[in-house]
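Let me begin by presenting the structure, written as structure tokens, before commenting on it.
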Amino acid sequence: MESSEANQTPKAPENNARLDTQPPESQGDVTSIEKTEPGPSADFPDGGLQAWTVAITILYVFSIMMNSLCKTLWQLILAQGILSGLSAGMTFSPSLAAVGHYFQKKRGAAMGLGVAGSSIGGVVLPIALNELLHTSVGFGWAVRIVGFIVLALLLPASMFIKSRLPPRKSSLFMPLAFKQPEYVILVAACFFATLGMYPPLFYFPSFGIANGMSTKLAFYLVAILNAASFPGRLITGFLGDKFGRLNMMFFAAASSGIISLCWQACDTNASLIVVTALFGFCSGAIISGTSIVLASVPKDPRNIGTYMGMGFGITAFSTLIAPPVSGAMVSRYDSFTQVSIFSGVSCLVGAALIIPAKLYAGHGVFSAR
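This is the structure:
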């Protein structure tokens with residue numbers, strides 16, 4: 129999923145001009161659908177979590193294989209958007225929640241480490257796919273090879289995952305959670321932070337090309353962003369355990385907003401690369417921080433998966449909104465300035481909402497919470 133921003137305009141499948149000529153905002157919609165992550169909790173009986181993740185892993189790989197056969201946009205939406213998005217979400221949430229079952233004091237560091245792994249895939253897989261696309265294997269087999277790589281990585285991991293705590297009797301939806309002001313405000317904060325985080329991921333390469341950057345270098349901007357995202361995700365967890373998880377989420381969202389507002393001032397390749405790396409670091413902290421702060425709300429660790437799944441399900445709508453809105457702005461104004469402002473303000477709104485969340489939780493604004 130982390131690699132998909134780089135793959136929206138690959139070499140077109142053979143005999144397929146219809147897919148290659150879709151507008152960028154339509155291609156962005158496919159990935160935004162893919163990034164919806166509604167997921168069940170990790171509260172499975174012993175052995176149930178392994179069976180679940182193995183089954184969903186196979187479904188996810190199947191969606192990649194179907195992606196290699198797509199010839200029209202609607203087929204791509206079904207395969208990469210809907211099927212990949214649902215299967216990825218159904219394995220991501222319980223897998224990450226299971227990590228939180230094993231830790232209390234160092235939960236932020238543990239979950240940050242778990243989330244950080246996906247940024248590595250966001251560096252390696254786009255480069256691998258791009259290189260394959262420039263060989264004689266063609267689009268179809270290039271995507272299938274990536275699918276086999278994903279299968280080789282996910283299947284063993286799915287077999288070893290285990291939930292520590294015994295299952296509880298409850299549904300996958302807990303209405304009582306939304307009676308907690310802290311949780312509701314945090315979900316809103318994560319929604320706006322995510323809303324502002326995704327436009328630069330889609331439009332940094334396009335912005336670079338529009339300002340004279342070579343297509344090859346622009347492609348690697350996403351890899352640079354994901355590489356910088358790794359320490360951002362990792363450090364957020366470790367520092368969150370020491371200085372406060374909500375504090376780190378505030379820092380991540382506020383920093384991302386400020387950097388996004390500065391994006392429009394980039395007029396050289398070097399300045400855009402620096403902004404891309406800085407934004408990658410801070411936006412990585414948002415991705416890690418979202419999981420960590422949602423997991424910090426429930427008092428019973430067995431509810432972590434449900435709280436995270438519900439939160440992800442709501443914040444996922446921001447990933448559906450951001451790309452088409454950004455695309456409409458670029459088309460309407462023929463400029464990236466409005467996208468930069470939209471992204472920056474959204475992140476800053478997310479940061480501002482962290483403050484009342486802390487107050488409702490009974491903590492001071494400057495407390496280490």
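Residue numbers (the numbering used here): 129 to 497.
Every residue, glycine too, gets a C-beta built ideally from N, C-alpha and C.
State yes or no: is the C-beta of residue i within less than 9 Å of the C-beta of residue j?
| i | j | result |
| --- | --- | --- |
| G436 | L422 | Looking at the sequence provided, one finds Met at residue 436 rather than Gly. Yes, the Cβ-Cβ distance between M436 and L422 is below 9 Å. |
| S247 | M325 | no |
| S334 | G408 | no |
| A316 | M376 | no |
| M341 | L257 | no |
| A405 | L367 | no |
| S191 | S212 | yes |
| A380 | L476 | no |
| A225 | I415 | no |
| D428 | R235 | no |
| A351 | P254 | yes |
| V243 | G365 | yes |
| S468 | L389 | yes |
| T219 | L282 | yes |
| N320 | S454 | With the sequence shown as reference, residue 320 is identified as Phe, and Asn is not the correct amino acid for it. Cβ distance not < 9 Å, so F320 and S454 don't count as in contact. |
| T434 | M239 | no |
| R373 | H229 | no |
| A479 | F378 | yes |
| V402 | Y311 | no |
| A291 | V182 | A small correction: the amino acid at residue 291 is Ser; Ala does not occupy that position in the sequence shown. For S291 and V182, no; Cβs fall outside 9 Å. |
| L487 | L314 | no |
| G209 | A444 | no |
| V265 | I273 | yes |
| S474 | L323 | yes |
| A346 | F464 | no |
Going by CA-CA distance only, name the one from the options that's closest to residue i.
| i | options | result |
| --- | --- | --- |
| E259 | T443, K344, L177 and G372 | K344 |
| N397 | G336, G213, R235 and A382 | G336 |
| V251 | T418, A355 and G240 | A355 |
| R361 | F440, I420 and V467 | I420 |
| P451 | Y331, W202, G245 and S223 | Y331 |
| P484 | P309, V425 and G275 | P309 |
| P328 | C410, G268 and I205 | C410 |
| S471 | I386, D462 and I442 | I386 |
| G249 | K290, H262 and G275 | G275 |
| P284 | V458, F464, T443 and Q178 | Q178 |
| L187 | W202, V473 and L214 | L214 |
| G245 | P359, H262, G441 and F371 | P359 |
So the alpha helix (DSSP H) residue i belongs to, where does it begin and stop?
| i | result |
| --- | --- |
| L448 | I432 to Y461 |
| A485 | T465 to Y488 |
| P222 | S212 to G228 |
| L304 | Run containing L304: none; DSSP gives neither H nor E here. |
| Q203 | L201 to L204 |
| N559 | The requested residue 559 is not part of the displayed model; the chain covers only 129 to 497. |
| P327 | P309 to A338 |
| V350 | T343 to F371 |
Would you say residue i faces chain B, with C-beta separation under 9 Å as the test?
| i | result |
| --- | --- |
| D428 | Note that chain B does not occur in the displayed structure, where there is just one protein chain. |
(Q) Runs of 4 residues minimum, wholly inside the segment 234 to 292: which ones carry the alpha helix (DSSP H) assignment? (A) 235 to 261 and 266 to 288
Q.
List, from N- to C-terminal side, the alpha helix (DSSP H) runs of 4 residues or more that fit wholly inside the segment 379 to 408.
A. none
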